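With this note's numbering as the guide, the letters of the sequence shown map in order to residues -6 to 223.
Note that CB positions come from ideal geometry on N, CA and C, so glycine has one too.
Fair warning: this is a prediction, and the values are worked out from it, not measured in the lab.
Structure first, commentary second.
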Amino acid sequence: MKLASLFSGGKDSTYSLFQAVKDGHEIKYLITFRPKRKDSYMFHHPCIELTTLQAESMGIKQIIVDTAGEKEKELDDIEKILTEIKGDIDGIVSGALASNYQKTRIDNICRKLGLESLAPLWKIDTEKYWEDLLSNNFTVMITSFASEGLNDKWLGRIVDAKAVAELKGIRDKSGLHLGFEGGEAESLVLDCPLFKKQLVVESFEKVIDKTTNSGYIKPTKAYLKEKLKQ
């Protein structure tokens, strides 16, 4: 099928895109929503500006949609852009992981427009998911946190096997969702098999809200660089 990807640049949307390509689908567009609100129910905001570099690295046309990010109203923005491009695609692929709120609304919009809705990660075992990410050479950086057990030391950290083990410990102690469902943390993919060049975030600022024990990074210098030949 010809698909558009709902693409935030994080691990879920990027890995779902990776799976769709592996399954033989053609990706026509990356659709990235740029919310004005930091508490959008559907879209995330940290490092969203770096998706342009990721799109360039993959060589896929990107459509950027500005959205107010208001609950329910933001669904109109999804429907509007899909209506505009539905003649070019058969369906969409999303990184829906465990949120019924997100998946049911995406499914309903697709059903209304006569499009297929693919969610390769839906209800995946999160421990296996991290194993799959690492075994497929995904380089994932933490860009925000908003959960008990996490702190600013996680911001900018690359998730390797040691980090996954620590996250499992936090999950067992405080109930963290290992896939970061519900905005407990957010991520950015720096490299994966789809990237022709790797993304480098050379410097960033940390924005911390101590009253809510949350924070995110604002990149100050980022660029693409050639991958080292294996």
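From this set, the options, which residue's C-alpha is nearest residue i's C-alpha?
i: Leu221; options: Lys105, Ile102 and Gln191; result: Gln191
i: Leu75; options: Leu181, Ala91 and Ile99; result: Ile99
i: Ser87; options: Val14, Ile163, Asp165 and Asp184; result: Val14
i: Gly176; options: Lys199, Ser92, Lys155 and Leu126; result: Ser92
i: Cys103; options: Ile71, Asn129 and Asn130; result: Ile71
i: Gly80; options: Gly208, Leu106, Gly149 and Asp125; result: Leu106
i: Asp69; options: Cys40, Phe26 and Leu108; result: Phe26
i: Lys121; options: Ala154, Arg150, Ala112 and Gly208; result: Ala154
i: Val58; options: Glu42, Leu46 and Gln47; result: Glu42
i: Lys161; options: Leu111, Leu127, Gln12 and Thr119; result: Thr119
i: Leu108; options: Val157, Gln47 and Ile82; result: Ile82
Could you tell me if residue i is buried or exposed, where buried requires 16 or more neighbouring beta carbons within 10 angstroms of its beta carbon?
i: Ile20; result: buried
i: Asp5; result: buried
i: Ser33; result: For Ser33, the predicted structure reports a pLDDT of 48, less than 50, and the residue's modelled location is therefore unreliable. A value from the coordinates is still provided. Ser33 is buried by the Cβ-count criterion.
i: Thr205; result: exposed
i: Gly3; result: buried
i: Tyr216; result: exposed
i: Ser196; result: exposed
i: Pro186; result: exposed
i: Thr97; result: exposed
i: Asn129; result: exposed
i: Ile151; result: exposed
i: Ser207; result: buried
i: Gly225; result: Here the chain covers residues -6 to 223 and nothing more, so residue 225 does not appear.
i: Tyr22; result: buried
i: Ala61; result: exposed
i: Leu126; result: buried
Should residue i and residue j be called a contact, given that it needs their Cβ atoms to be closer than 7 Å?
i: Glu114; j: Ser9; result: As written in the sequence, residue 114 is Leu, which differs from the Glu given in the question. Yes, Cβ-Cβ distance for Leu114 and Ser9 is below 7 Å.
i: Asp202; j: Thr132; result: no
i: Glu77; j: Ser137; result: no
i: Leu90; j: Gly168; result: no
i: Lys199; j: Ile210; result: yes
i: Ile56; j: Ile24; result: yes
i: Phe188; j: Ser50; result: yes
i: Val182; j: Thr7; result: yes
i: Pro212; j: Val193; result: no
i: Trp147; j: Ile135; result: yes
i: Gly142; j: Met(-6); result: no
Given the structure, does residue i come close to the ligand HEM, in the sense that its CB is under 6 Å from one of the ligand's heavy atoms?
i: Leu192; result: Of ligands this structure carries none, so the ligand HEM is not represented either.
On the DSSP bridge assignment, give the partners of residue i in chain order.
i: Ile210; result: Lys199
i: Glu219; result: Lys190
i: Ala158; result: DSSP output for Ala158 lists no bridge partner at all.
i: Phe26; result: Val58
i: Leu111; result: Val86
i: Phe173; result: Its beta-bridge partners do not exist; DSSP assigns none.
i: Val182; result: Val133
i: Ser(-2); result: Leu23 and Val86
i: Ile151; result: Met134
Could you give the uninterrupted runs of the beta strand (DSSP E) lying entirely in the segment 57 to 99, keeping only those of 3 residues or more?
84 to 86, all fully within the segment 57 to 99.
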